[in-house]
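Worksheet for the structure shown next.
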């Protein structure tokens with residue numbers, strides 16, 4: 026049975042476009058592990074005025090006001106993830122985009138994902154497996170899961186996907202090599218991501234935010 030006018034199952038907060046149009050572009054913000062939707066939403070007023078901005082909360086509760094998209098154990102040489110949770114969240118975000126259509130007005134051809142850390146991981150996981158739903162992604166201090174690679178679609182389906190990648194060269198949580206590995210993989214798929222690196226740790230500073238805002242602004246022109 027198909028449920029019509031289904032409300033989104035993921036909790037979110039929203040900033041309506043400051044410049045009103047009938048169908049604004051949409052950017053969905055996704056936080057890192059242990060954080061919440063308000064963390065990324067703190068950047069909302071810096072984002073382009075013509076965008077509908079939605080900041081989503083990860084479905085897993087780790088502690089009061091601390092959420093995640095999946096559980097992960099980070100080790101010096103690798104990360105062990107809960108694959109089932111990661112896959113469930115990938116599917117839930119895809120469904121979330123569909124359900125948002127029932128409650129928010131936006132251009133379905135201009136949907137962007139912007140994620141930090143685990144939110145960046147989920148941005149890769151969704152866009153590279155369902156590129157028809159996503160116009161572009163901004164991945165900040167994230168990585169591309171090897172577990173997702175078997176699900177990634179053909180190069181032909183990916184060719185219209187726009188990608189921004191940024192990472193701190195001194196990142197102590199998700200090492201900088203994750204960024205270069207992902208960029209190399211994207212190149213192998215025929216994609217040309219815009220790649221920025223900074224002498225920073227696992228964080229978002231004003232320069233990083235400025236660069237991603239410029240990228241997002243140029244996308245919607």
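Residue numbers (the working numbering): 26 to 246.
Cβ atoms here follow ideal geometry from the backbone N, Cα and C, with glycine treated the same way.
This structure is a prediction, so every number in the text was calculated from the model and none was measured.
Where do the ends of the beta strand (DSSP E) carrying residue 55 lie?
Position 30 of the chain shown, counted from the start, is the residue given in the question as residue 55. That run of the beta strand (DSSP E) goes 51-55.
State the CB to CB distance for the pair residue 188 and residue 168, rounded to an integer number of angstroms; the pair is presumed to be in contact (CB under 8 Å).
Here residue 188 refers to the residue found at position 163 when the chain shown is read from its first residue. Here residue 168 refers to the residue found at position 143 when the chain shown is read from its first residue. Contact flag wrong, Cβ pair sits at about 14 Å.
Please confirm if the region 65-77 is in contact with the region 87-100, defined as three or more CB-CB distances below 8 Å between the two stretches.
no
Beta-carbon separation (whole angstroms), residue 81 vs residue 53, contact threshold 8 Å
Here residue 81 is taken as the residue at index 56 of the chain shown, counted from 1. Here residue 53 is taken as the residue at index 28 of the chain shown, counted from 1. Right, their Cβ atoms sit about 6 Å apart.
Among 235, 90, 166 and 78, whose alpha-carbon lies nearest the alpha-carbon of residue 205?
The residue given as residue 205 occupies position 180 in the chain shown. Answer by Cα proximity: 166.
Whole alpha helix (DSSP H) runs in the region 46-129 with 4 or more residues, listed along the chain?
62-66 and 108-125
Let's test the definition: count the other Cβ atoms within 10 Å of the Cβ of residue 122 and tell me whether it reaches 16, buried, or not, exposed.
For the purposes of this step, residue 122 is taken as residue 97 along the chain shown, with counting starting at 1. With 16 or more other Cβ atoms within 10 Å, it is buried.
Rounded to the nearest angstrom, what separates residue 210 and residue 197 at their Cα positions?
Here the question's residue 210 lines up with position 185 in the chain shown. Here the question's residue 197 lines up with position 172 in the chain shown. About 22 Å.
Report the residue from 159, 178, 45 and 58 whose alpha carbon sits nearest the alpha carbon of residue 75.
Within the chain shown, numbered from 1, the residue matching residue 75 stands at position 50. Measuring from the Cα of residue 75, the nearest candidate turns out to be 45.
For residue 229, three-class secondary structure by DSSP
Taking the chain shown and counting its residues from 1, the one referred to as residue 229 is at position 204. DSSP places residue 229 in coil when its eight states are reduced to three.
So, using beta-carbon positions, are residue 115 and residue 78 closer together than 9 Å?
In the chain shown, counting from the first residue as 1, residue 115 sits at position 90. In the chain shown, counting from the first residue as 1, residue 78 sits at position 53. In this structure, residue 78 does not lie closer than 9 Å to residue 115 by Cβ.
Paired residues, beta bridge with residue 191 - DSSP:
Looking up residue 191 in the chain shown gives position 166. Residue 191 pairs with 165 and 221.
9 Å Cβ cutoff met for residue 193 and residue 56:
The residue given as residue 193 occupies position 168 in the chain shown. The residue given as residue 56 occupies position 31 in the chain shown. Not in contact: residue 193 and residue 56 (Cβ atoms no closer than 9 Å).
What is the DSSP secondary structure of residue 37, counted as helix, strand or coil?
As a first step, residue 37 is located in the chain shown; it is residue number 12 there, counting from the start. The answer is strand: DSSP assigns residue 37 an E or B state.
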